[in-house]
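Heads up: the structure comes next, in structure tokens.
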Amino acid sequence: MASWDTSTGLAEMFSGTEAHTSQVQSISLLGKYVITVGIDDRCVVSSISELKHM
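According to the numbering used here, the sequence shown holds residues 18 to 71 in order.
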């Protein structure tokens, strides 16, 4: 997952070992977190402020 700066067009990748290994099917925002579900049967919680998979 990446965080895009729309003013520059540059992206910064999220870090952490808990990333999806396949396509993300659903995404939801919950406060300062992004929750994603993928076809890899994983639910991943990621911190927006830290750009890190939890």
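Ideal placement from N, C-alpha and C gives every residue a C-beta, glycine not left out.
Check: Taking the Cβ atom as the reference point for each residue, do Tyr-50 and Ser-32 lie within a distance shorter than 8 Å?
Finding: For the purposes of this step, residue 50 is taken as the residue at position 33 of the sequence shown. For the purposes of this step, residue 32 is taken as the residue at position 15 of the sequence shown. No, Cβ-Cβ distance for Tyr-50 and Ser-32 is not below 8 Å.
Next item on the list: Please work out which residues of its chain come closer than 6 Å, Cβ to Cβ, to Ser-43, disregarding the five sequence neighbours upstream and downstream, and give them in chain order.
Entry: Translated into positions along the sequence shown, residue 43 becomes position 26. These residues qualify, in order along the chain: Val-54.
Check: Which one of Ser-66, Arg-59, Ile-65, Thr-25 has the shortest CA to CA distance from Ser-39?
Finding: The residue you call residue 39 lines up with position 22 of the sequence shown. Ser-39 has its Cα closest to that of Arg-59, out of Ser-66, Arg-59, Ile-65, Thr-25.
Check: Shortest alpha-carbon distance to Leu-47 belongs to which of Trp-21, Leu-27, Ser-66, Ala-19?
Finding: Translated into positions along the sequence shown, residue 47 becomes position 30. The shortest C-alpha separation from Leu-47 is found at Ser-66.
Item checked: Contacts around Ala-19, its chain only, beta-carbon distance under 8 Å, and the 5 residues preceding and following it disregarded -> Start at 1 with the first residue of the sequence shown, and residue 19 comes out as number 2. So the qualifying residues of the chain are Ala-28, Glu-29, Met-30, Phe-31.
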